[in-house]
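Enquirer: Residue numbers (the numbering used here): 7 to 211. Using N, Cα and C, we set each Cβ at its ideal position, and we do this for glycine too. If you scroll down you'll find the structure; I have some questions about it.
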Amino acid sequence: MEKLPFIPLESEIDALISGTGPKTSAVLQLLKETGARIGEAWTLRWTDIDFERGIVTLTPEKGSHPRQFKISLRTSSAVNMLPKKILRIFATCDVEKFRRNYEKQRRNLAVKLGDLRLNQVTLHTFRHWKATYEYHKTHDILHVMRLLGHKSIQNTLRYTQLVDWKSDDFTCKTAATIGDYSKLIEVGFEYVTEMDGVKLFRKRK
């Protein structure tokens, strides 16, 4: 039986981002916002990020699809402040050395904060967290599939049942025409029911 991945709290993710060094923190923030594999992040070049518009282009690995992401000003600023010594942004050392350094910082932070769960947060855990978070925010499995760059939806379906985010807050919209239905579905609303000839849609806040 396949073991389900560990999904941390967002506060634990953020504790790791704020409690590590500048380079590690920038990498972790990028992984959190994009759901990228560490190998994809490691091949990023300075030319792959449009800092003015806050757009990063990821080169796929494992046969995945290439994809672009809008990143926050916080993340783009953290990355842009790193030394521009070579063409690749993060690859001033090999990825395994970076992984070991991250694990050392993580252990120290887990002891400092008294949260040993942090030791379960690998670099790949950020991808699991992002996929699970996005599914429970949108309930749109195709959106998550595109975000992760998966070619098969079977690889994405595991994220539909991992975590109950315990949020009952929804934005509700009504629609009476096919055009209205399409617009709501395109932005992540899901169909709930129909009353008096009007369809009701909802989306988590």
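(1) Per DSSP, what are the beta-bridge partners of Y108 in this structure?
(2) Where does Y165 land, buried or exposed, given buried means 16+ other C-beta within 10 angstroms?
(3) Of all the CB atoms in chain B, is at least one closer than 8 Å to the CB of K209?
(4) CB-CB under 8 Å to T131, same chain, minus the five flanking residues each way: which ones, in chain order?
(5) Among T63, R43, Q111, which one has its Cα closest to the Cα of G27?
(6) In the structure shown, what three-state DSSP assignment does I61 receive?
(7) Identify, in the order they occur along the chain, each residue of the same chain with its Cβ nearer than 6 Å to the Cβ of T65, setting aside the five sequence neighbours on each side.
(8) How would you label S1, buried or exposed, when you count the other beta carbons within 10 angstroms and need 16 or more for buried?
(9) Pick from K29, L122, R73, H149: whose alpha carbon is nearest that of V101?
(10) Please state whether DSSP places L36 in a helix, a strand or coil.
(11) Below 8 Å between beta carbons: does that hold for I95 and V85?
(12) With H, G and I counted as helix, E and B as strand and the rest as coil, what does DSSP make of L79?
(13) Kindly indicate the opening and closing residues of the alpha helix (DSSP H) around L10.
(14) Relative to the C-alpha of N107, which residue among Q74, G185, D186, L34 is closest?
Expert: Inspection of the coordinates gives the following:
(1) Numbered from 1 along the sequence shown, position 102 holds the residue referred to as residue 108. Paired residue(s): none; Y108 is not in a bridge.
(2) The residue given as residue 165 occupies position 159 in the sequence shown. With 16 or more other Cβ atoms within 10 Å, it is buried.
(3) The chain labelled as chain B is not found in the depicted structure, where only one protein chain is given.
(4) Here residue 131 refers to the residue found at position 125 of the sequence shown. These residues qualify, in order along the chain: P11, F12, I13, P14.
(5) Along the sequence shown, read from residue 1 onward, the residue named residue 27 stands at position 21. Comparing Cα-Cα distances from G27 to each of T63, R43, Q111, the minimum goes to Q111.
(6) Walking along the sequence shown from the start, residue 61 turns up at place 55. The answer is strand: DSSP assigns I61 an E or B state.
(7) Within the sequence shown, residue 65 is the residue found at index 59, counting from 1. Cβ neighbours of T65 within its own chain (closer than 6 Å, five residues either side excluded): T49.
(8) Since the displayed the chain opens at 7 and closes at 211, residue 1 lies outside it and no answer follows.
(9) Position 95 of the sequence shown, counted from the start, is the residue given in the question as residue 101. Just measuring C-alpha positions, the residue of K29, L122, R73, H149 sitting nearest V101 is K29.
(10) On the sequence shown, residue 36 is found 30 positions in, with the first residue counted as 1. Secondary structure of L36 (DSSP, three-state): helix.
(11) Here the question's residue 95 lines up with position 89 in the sequence shown. Here the question's residue 85 lines up with position 79 in the sequence shown. Between I95 and V85, the gap from beta carbon to beta carbon is short of 8 Å.
(12) Against the sequence shown, residue 79 aligns to sequence position 73. The three-state reading of DSSP puts L79 in helix, counting H, G and I together.
(13) Stepping through the sequence shown from its first residue, residue 10 is reached at position 4. Premise fails: L10 is in no alpha helix (DSSP H) and is neither H nor E.
(14) To locate residue 107, count along the sequence shown from 1; it is residue 101. Closest by C-alpha distance to N107, out of Q74, G185, D186, L34, is L34.
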